[in-house]
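Trainee: 1 is the number of the first residue of the sequence shown in UniProt numbering; add one for each residue after it.
Note that the Cβ used here is the ideal one computed from N, Cα and C, for glycine as well.
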Amino acid sequence: MPSASGPSFPPKEEAGAIVLAPKKSPATRQGKEKVSLLTNFWELTVEHKIVYRYDVAIYLGTPTNERAFDLLRGPRDDSEITRRHRLCMDALRFALEFRRILSLGSAVIHDGAAMMFSSENLSAALKEHSGVLMLDKKDLPPGIRKLIYQVDVDTITIQITPCQSAAASFDMADLHAQGNRNWATLDRSWKQFYELITNQDAVMSGRFTQFGAGSLYYCSPSKDRVGFGYERFEGARKGIK
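1. Cβ of K49 within 9 angstroms of Cβ of S119?
2. Please state whether the Cβ-Cβ distance between E195 and K238 is less than 9 angstroms.
3. Helix, strand or coil for E13, going by three-state DSSP, please let me know.
4. Considering only their Cβ atoms, is the gap separating T82 from V153 smaller than 9 angstroms?
5. May I have the straight-line CA-CA distance separating C219 from G112, to the nearest angstrom?
6. CA-CA distance, Q159 and K34?
7. Run the CB neighbour count on residue 242, radius 10 Å, all protein chains shown included, and call it buried at 16 or more, exposed below.
8. Using 8 angstroms for Cβ pairs, my map puts residue 245 next to M115. What's the rounded Cβ distance?
9. Could you tell me the distance, in whole angstroms, from the CA atom of Q210 to the CA atom of Q30?
10. Specify whether the stretch 85-101 and the stretch 142-149 touch according to this definition: at least 3 beta carbon pairs, one from each stretch, less than 8 angstroms apart.
11. Closest to A95 by C-alpha separation, out of A125, E80, V226 and V151, would be which residue?
12. Please report the straight-line C-alpha distance between H110 and L71, rounded to a whole angstrom.
13. How would you call Y54, buried or exposed, if buried means at least 16 neighbouring beta carbons within 10 angstroms?
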């Protein structure tokens, strides 16, 4: 999570002390063995904080076309999707810091695609750049450059605009205060935000990658070899209720 002095989104509980219950052995299919499901629950205490949502578009540019490759589109191969998401997240984080968009103590979270949430209103800072942050490839850290496979790319263009299709801002504590938190009756922005913010620490640590809705996997494959060029990655599915 990019921040001028570290994340400022509530909750403020210290991370890193959570340990998941041990993984249960697979059920025996013969005889349809019944197995009790094991689920871990943690309650989050949320403070009042206005959150702003933005739409994001990210392009790789060539000398003849600044938007030659749309990073939000491409092959649906699992590894390719994961690479694009990591490239988008790292490039956006670097651009916000490089262009000094965030104020001291502010933070953003990004889904690796078209959605970004911020703890401050970025309209004024983005207006100075007309909502477009362009970076030369030579200014990027090596870790980001190695995620760019196209040899003729020389720029990254990131367009950030206030969200038009959903709630542009909301108070985090409004949902926490509701007795009946029926996701079906709420704007999807709420759930998407909570899903992202509870994933962010794990994803940004570099030890996990997010794939699919609410699923986190270790970046290193398990020792269990599947064969035929496949690898198995251990992970966990997480949801917000």
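Mentor: Here's the rundown:
1. Looking up residue 49 in the sequence shown gives position 49. Looking up residue 119 in the sequence shown gives position 119. Taking 9 angstroms as the Cβ cut-off, K49 and S119 qualify as a contacting pair.
2. Position 195 of the sequence shown holds residue 195. Position 238 of the sequence shown holds residue 238. Result yes, Cβ atoms of E195 and K238 sit closer than 9 angstroms.
3. Taking the sequence shown and counting its residues from 1, one reaches residue 13 at position 13. Caution is warranted here: a pLDDT of 46 is assigned to E13, below 50, making its placement in the model unreliable, and the coordinate value is therefore given only provisionally. Residue state, collapsed to three classes: coil.
4. What you label residue 153 is simply residue 153 of the sequence shown in a count that begins at 1. What you label residue 82 is simply residue 82 of the sequence shown in a count that begins at 1. No; because the gap between Cβ atoms is not below 9 angstroms, this pair is not in contact.
5. Your numbering for residue 219 matches position 219 in the sequence shown. Your numbering for residue 112 matches position 112 in the sequence shown. For C219 and G112, the distance between alpha carbons rounds to 16 angstroms.
6. The residue given as residue 159 occupies position 159 in the sequence shown. The residue given as residue 34 occupies position 34 in the sequence shown. For Q159 and K34, the distance between alpha carbons rounds to 51 angstroms.
7. Nothing about residue 242 can be reported from this structure: the residues present for the chain run from 1 to 241 only.
8. Because the chain in this structure spans residues 1 to 241, residue 245 falls outside the shown range and cannot be described.
9. To locate residue 210, count along the sequence shown from 1; it is residue 210. To locate residue 30, count along the sequence shown from 1; it is residue 30. The alpha-carbon atoms of Q210 and Q30 are separated by roughly 33 angstroms.
10. Yes, since at least three Cβ pairs between the stretch 85-101 and the stretch 142-149 fall closer than 8 angstroms, the two stretches touch.
11. Working through the sequence shown from its first residue, we reach residue 95 at position 95. Of A125, E80, V226 and V151, the residue nearest in Cα terms is A125.
12. Here residue 110 is taken as the residue at index 110 of the sequence shown, counted from 1. Here residue 71 is taken as the residue at index 71 of the sequence shown, counted from 1. Cα to Cα, the separation comes out at about 14 angstroms.
13. Position 54 of the sequence shown, counting from 1, holds the residue named residue 54. By the 10 Å Cβ count, Y54 comes out buried.
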